[in-house]
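Visitor: I'd like to ask you about the structure that follows.
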Amino acid sequence: MGSGSSSYRPKAIYLDIDGRIQKVVFSKYCNSSDIMDLFCIATGLPRNTTISLLTADDAMVSIDPTMPANSERTPYKVRPVAIKQLSEKEELIQSMLTQVVEQFSRAFKINELKAEVANHLAVLEKRVELEGLKVVEIEKCKSDIKKMRDELAARSSRTSCPCKYNFVDANKKMTPRRDVPTYPKYLLSPETIEALRKPTFDVWLWEPNEMLSCLEHMYHDLGLVRDFSIHPVTLRRWLLCVHDNYRNNPFHNFRHCFCVTQMMYSMIWLCRLQEKFSQMDILILMTAAICHDLDHPGYNNTYQINARTELAVRYNDISPLENHHCAVAFQILAQPECNIFTNVQPDGFKQIRQGMITLILATDMARHAEIMDSFKEKMENFDYSNEQHVTLLKMILIKCCDISNEVRPMAVAEPWVDCLLEEYFMQSDREKSEGLPRGPFHGPGQSDQSHGPNWVHQVCLDPHVRNGDQALPCGRGTHAAAPLGIQRPLRGAETKRRLREREGDGELDGGGHRHVVVVEREKQRCEKQRRGCYSELTSRCT
């Protein structure tokens, strides 16, 4: 590029005209005639005047594009020779010759330009080739980076448990909603309000927005909004954020959250817990029920520990999911727009936080025996003024509510069994693909539905009912199971056990599975028993 540019540099000639120095500049593409005319103009002579240039030692200088350049200190002297008078014919010939010379000059210029352009193109082609190689390398690097990102995304995908690598998408889920209306969006009918206080409430009939309105109503109905100065808009915004942080799992989803909270709400009313518990205790029970499974990934603690997920590593294999639920709950409350406890004094908030953590951690079934044994010890001399006794009772309450889907009418309870088994099978497939130990549920076709509910009734619900009978206000002198609606599923569990024992009465199909011929008859008898319990429930509650 540098050598090409220098070839266009004009030439400067200095002339001495009667003691005056005149600088004349011309290009190398000018011909002799052009230069002669240029010198004539510079000296003030006619264009057709013949002149000669002399050096300082009177040597003549050829007037053409290749004439040597001089400096201001060594100017050429101009000497007019003669004014040539041309005839009309000669002028015409000279003009034609001048045009011919100009055409040849242009042709030569074009050839030179072509050569220079060719050189420039060659240089540019080399540069493009080098840049192209760089682009190829950059694209290769981009491709490698994309592959690495895809691999990381695949490892942290839903199929391999998202908690293995991250917890919550803070940018998406933790951002509070600001477009919450200041007025109630849904108004509950008196029939809905009455049904909401009963354990027989059908949670499958309600959409997410309607469930949110029901939860909002519970806080108003229990006096929590009034007693703790909760701003209604903040309450709605908090409930929306909680909803956004429940995943679309088959079982552990927002509907399960609503199911547990609605059962807690019905137990508070049916057992008149507000007569024994403080409003702070009621607030802790309700809020812990809403938050108890936040951001549940759909894989239980056994998987978390065996797969050595990030949650298990973070919480040292100690209730990793329950600890995570607590952490997400207070991450949401840390947002000023979602902090329903903003008007609670620091000591009160400390009590709420400790109470919620205690109750949510109690939902870990690995602690079931420990909690039940502790509660049994306190049952003989249970004292509502004893904080430790009340805390244990609250732990039993949230544990009952957590598995309360089985104490509802059959039409409400049975879909939950399918949801629970689907989640178990999803985890079982994951454990099999990762070579991890598999739980008692091995997958579709390898476990019947009666196994899960029976385990819940035998190990969890039955002991809760026996021990809660004496502690709850509605259980003193009667039977706590009746007003709570827990007697129904125990009978249902016995029916399921009888169904399993009588499977031999059925026939084997081609796959080796038994068809139980008495299912419908047993279901009808079970439903009849439940209707009897509803009547008993109504009479006791009135």
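Using this note's numbering, read the sequence shown as starting at 840 and increasing by one per residue.
Backbone N, C-alpha and C fix where the C-beta goes; we use that ideal spot for every residue, glycine too.
If you draw a straight line from the alpha carbon of Ala-1250 to that of Cys-1258, how long is it in whole angstroms?
Guide: Residue mapping note: residue 1250 aligns to position 411 of the sequence shown, counting from 1. Residue mapping note: residue 1258 aligns to position 419 of the sequence shown, counting from 1. Going by the C-alpha atoms only, they are around 14 angstroms apart.
Visitor: Could you tell me whether the Cβ atoms of Ser-871 and Ile-902 are closer together than 8 angstroms?
Guide: Against the sequence shown, residue 871 aligns to sequence position 32. Against the sequence shown, residue 902 aligns to sequence position 63. Yes, the Cβ-Cβ distance between Ser-871 and Ile-902 is below 8 angstroms.
Visitor: Alpha carbon to alpha carbon, how far is Asp-873 from Phe-918? Give it in angstroms, no decimals.
Guide: For the purposes of this step, residue 918 is taken as residue 79 along the sequence shown, with counting starting at 1. For the purposes of this step, residue 873 is taken as residue 34 along the sequence shown, with counting starting at 1. In the sequence as displayed, the identity of residue 918 is Arg instead of Phe. Arg-918 and Asp-873: Cα-Cα distance of roughly 18 angstroms.
Visitor: Using the Cβ count rule (16 or more neighbours within 10 Å means buried), how would you classify Leu-1347?
Guide: Position 508 of the sequence shown, counted from the start, is the residue given in the question as residue 1347. For Leu-1347, the predicted structure reports a pLDDT of 35, less than 50, and the residue's modelled location is therefore unreliable. A value from the coordinates is still provided. Label assigned to Leu-1347: exposed.
Visitor: So the alpha helix (DSSP H) Val-1064 belongs to, where does it begin and stop?
Guide: The residue labelled residue 1064 in the question sits at position 225 within the sequence shown. Unbroken alpha helix (DSSP H) run through Val-1064: 1063-1066.
Visitor: Do you know how far the Cα of Asn-1087 is from the Cα of Glu-1149?
Guide: For this step, residue 1149 is matched to residue 310 along the sequence shown. For this step, residue 1087 is matched to residue 248 along the sequence shown. So the alpha carbons of these two residues sit roughly 21 angstroms apart.
Visitor: How far does the beta strand (DSSP E) with Leu-854 in it extend, from its first residue to its last?
Guide: Counted from its first residue, the sequence shown places residue 854 at position 15. Segment 850-856, the beta strand (DSSP E) holding Leu-854.
Visitor: Taking three-plus beta-carbon pairs below 8 angstroms as touching, is the stretch 1122-1133 in contact with the stretch 1192-1202?
Guide: yes
Visitor: Which of helix, strand or coil does DSSP assign to Lys-1217?
Guide: One-based indexing of the sequence shown puts residue 1217 at position 378. Lys-1217: helix per DSSP, three-state reduction.
Visitor: Rounded to whole angstroms, what's the CA-CA distance from Asp-1120 to Pro-1254? Just pull it up for me.
Guide: Here residue 1120 is taken as the residue at index 281 of the sequence shown, counted from 1. Here residue 1254 is taken as the residue at index 415 of the sequence shown, counted from 1. Their Cα atoms are separated by approximately 32 angstroms.
Visitor: Could you name the residues that DSSP lists as bridge partners for Met-987?
Guide: Working through the sequence shown from its first residue, we reach residue 987 at position 148. For Met-987, which the question treats as bridged, DSSP gives no partner whatsoever.
Visitor: The alpha helix (DSSP H) that contains Phe-878, what's its start and end?
Guide: Position 39 of the sequence shown, counting from 1, holds the residue named residue 878. Residues 871-882.
Visitor: Suppose contacts are defined by Cβ-Cβ distances below 8 angstroms. Is Tyr-1138 in contact with Arg-1269 by that definition?
Guide: The count along the sequence shown starts at 1 and reaches residue 1138 at position 299. The count along the sequence shown starts at 1 and reaches residue 1269 at position 430. It is a contact, given that the beta carbons lie within the stated cut-off.
Visitor: Give, in chain order, every unbroken run of the beta strand (DSSP E) that is at least 3 residues long and sits entirely within the stretch 1182-1217.
Guide: Runs of the beta strand (DSSP E) inside the stretch 1182-1217: none found.
Visitor: Taking DSSP as the reference, what is the three-state secondary structure of Ser-1028?
Guide: If you number the sequence shown from 1, residue 1028 lands on position 189. Ser-1028 falls in the coil class under three-state DSSP.
Visitor: Do you know offhand how far Leu-1122's Cα is from Tyr-1025's?
Guide: Within the sequence shown, residue 1122 is the residue found at index 283, counting from 1. Within the sequence shown, residue 1025 is the residue found at index 186, counting from 1. One Cα belongs to Leu-1122, the other to Tyr-1025, and the distance between them is close to 23 angstroms.
Visitor: To the nearest whole angstrom, what separates the beta carbons of Asp-1203 and Glu-1161, a pair I think is in contact under 8 angstroms?
Guide: Within the sequence shown, residue 1203 is the residue found at index 364, counting from 1. Within the sequence shown, residue 1161 is the residue found at index 322, counting from 1. Yes, Asp-1203 and Glu-1161 are in contact; Cβ-Cβ is about 5 angstroms, under 8 angstroms.
Visitor: In whole angstroms, give me the CA-to-CA distance for Ala-1166 and Val-974.
Guide: Along the sequence shown, read from residue 1 onward, the residue named residue 1166 stands at position 327. Along the sequence shown, read from residue 1 onward, the residue named residue 974 stands at position 135. For Ala-1166 and Val-974, the distance between alpha carbons rounds to 46 angstroms.
Visitor: In the DSSP assignment, what are the bridge partners of Ile-860?
Guide: Walking along the sequence shown from the start, residue 860 turns up at place 21. Partner(s): Asp-855.
Visitor: With which residues is Gly-965 paired in a DSSP beta bridge?
Guide: Sequence index remark: in the sequence shown, residue 965 carries index 126 (1-based). Correcting the residue type first, residue 965 is Lys in the shown sequence and not Gly. Note: Lys-965 sits in no beta bridge, so no partner.
Visitor: Kindly give me the distance between the Cβ atoms of Leu-1054 and Phe-1097, rounded to whole angstroms, as I take these residues to be in contact under 8 angstroms.
Guide: Looking up residue 1054 in the sequence shown gives position 215. Looking up residue 1097 in the sequence shown gives position 258. That pair is a contact at about 7 angstroms.
Visitor: Rounded to whole angstroms, how far is the Cβ of Ile-1171 from the Cβ of Val-1081, which I believe are closer than 8 angstroms?
Guide: For this step, residue 1171 is matched to residue 332 along the sequence shown. For this step, residue 1081 is matched to residue 242 along the sequence shown. Yes, Ile-1171 and Val-1081 are in contact; Cβ-Cβ is about 6 angstroms, under 8 angstroms.
Visitor: Following a CB-centred definition, is Leu-1044 positioned closer than 7 angstroms to any heavy atom of the ligand ADP?
Guide: Only the bare structure without any ligand can be found here, which leaves the ligand ADP out of the picture.
Visitor: Going by other Cβ atoms of all chains shown within 10 Å of its Cβ, with 16 needed for buried, is Gly-1194 buried or exposed?
Guide: On the sequence shown, position 355 is the one that residue 1194 refers to. With 16 or more other Cβ atoms within 10 Å, it is buried.
Visitor: Rounded to a whole number of angstroms, what is the C-alpha to C-alpha distance between Pro-1322 and Pro-1089?
Guide: Here residue 1322 corresponds to residue number 483 of the sequence shown, with the count starting at 1. Here residue 1089 corresponds to residue number 250 of the sequence shown, with the count starting at 1. Annotation note: pLDDT 43 at Pro-1322 (below 50); position unreliable, no value reported.
Visitor: Helix, strand or coil for Lys-916, going by three-state DSSP, please let me know.
Guide: Taking the sequence shown and counting its residues from 1, one reaches residue 916 at position 77. If DSSP states are grouped into helix, strand and coil, Lys-916 belongs with the strands.
Visitor: Once the 5 residues before and after Ile-1179 are set aside, which same chain residues still bring their CB inside 6 angstroms of it?
Guide: Position 340 of the sequence shown, counted from the first residue, corresponds to residue 1179. These residues qualify, in order along the chain: Ile-1069, Thr-1073, Leu-1074 and Trp-1077.
Visitor: To the nearest angstrom, how far is it from the Cα of Ala-856 to the Cα of Ala-961?
Guide: By 1-based counting over the sequence shown, the position of residue 856 is 17. By 1-based counting over the sequence shown, the position of residue 961 is 122. For clarity, residue 856 is Ile in the given sequence; the question names Ala instead. Between Ile-856 and Ala-961, the C-alpha separation is close to 47 angstroms.
Visitor: In or out: Tyr-1022 buried (at least 16 other Cβ within 10 Å) or exposed?
Guide: Taking the first residue of the sequence shown as position 1, residue 1022 is located at position 183. Tyr-1022 comes out exposed.
Visitor: What three-state label does DSSP hand Met-906 in the structure shown?
Guide: For the purposes of this step, residue 906 is taken as the residue at position 67 of the sequence shown. Met-906 falls in the coil class under three-state DSSP.
Visitor: If you drop the 5 nearest sequence neighbours on each side, which residues of the same chain put their C-beta closer than 8 angstroms to that of Met-840?
Guide: Within the sequence shown, the letter at position 1 stands for residue 840. Low confidence applies to Met-840: its pLDDT is 48, below 50, so where it sits in the model is not reliable, and the reading given next is rough at best. Taken in chain order, the residues that qualify are His-959 and Val-962.
Visitor: In the DSSP assignment, find the unbroken alpha helix (DSSP H) run with Ile-1157 in it and report its ends.
Guide: In the sequence shown, the residue the question calls residue 1157 occupies position 318. Counting along the chain, Ile-1157 falls outside any alpha helix (DSSP H), and DSSP gives it neither H nor E.
Visitor: I'd like the span of the alpha helix (DSSP H) that includes Pro-1276, first residue to last.
Guide: Position 437 of the sequence shown, counted from the start, is the residue given in the question as residue 1276. Looking at the DSSP string, Pro-1276 is not in any alpha helix (DSSP H), and its letter there is neither H nor E.
Visitor: If we count the other Cβ atoms within 10 Å of its Cβ and call it buried at 16 or more, is Glu-1359 buried or exposed?
Guide: Position 520 of the sequence shown, counting from 1, holds the residue named residue 1359. Legend: pLDDT at Glu-1359 = 46, less than 50; position of this residue unreliable, value from coordinates given subsequently. The residue is exposed, with fewer than 16 neighbouring Cβ atoms inside 10 Å.
Visitor: Taking just the CA atoms, how far does Asn-1140 sit from His-1158?
Guide: One-based indexing of the sequence shown puts residue 1158 at position 319. One-based indexing of the sequence shown puts residue 1140 at position 301. Correcting the residue identity first, residue 1158 is Ser in this sequence and not His. Each residue's alpha carbon lies about 7 angstroms from the other.
Visitor: Buried or exposed for Arg-1094, going by 16 or more other Cβ atoms inside 10 Å?
Guide: As a working mapping, residue 1094 is identified with position 255 in the sequence shown. Arg-1094 is buried by the Cβ-count criterion.
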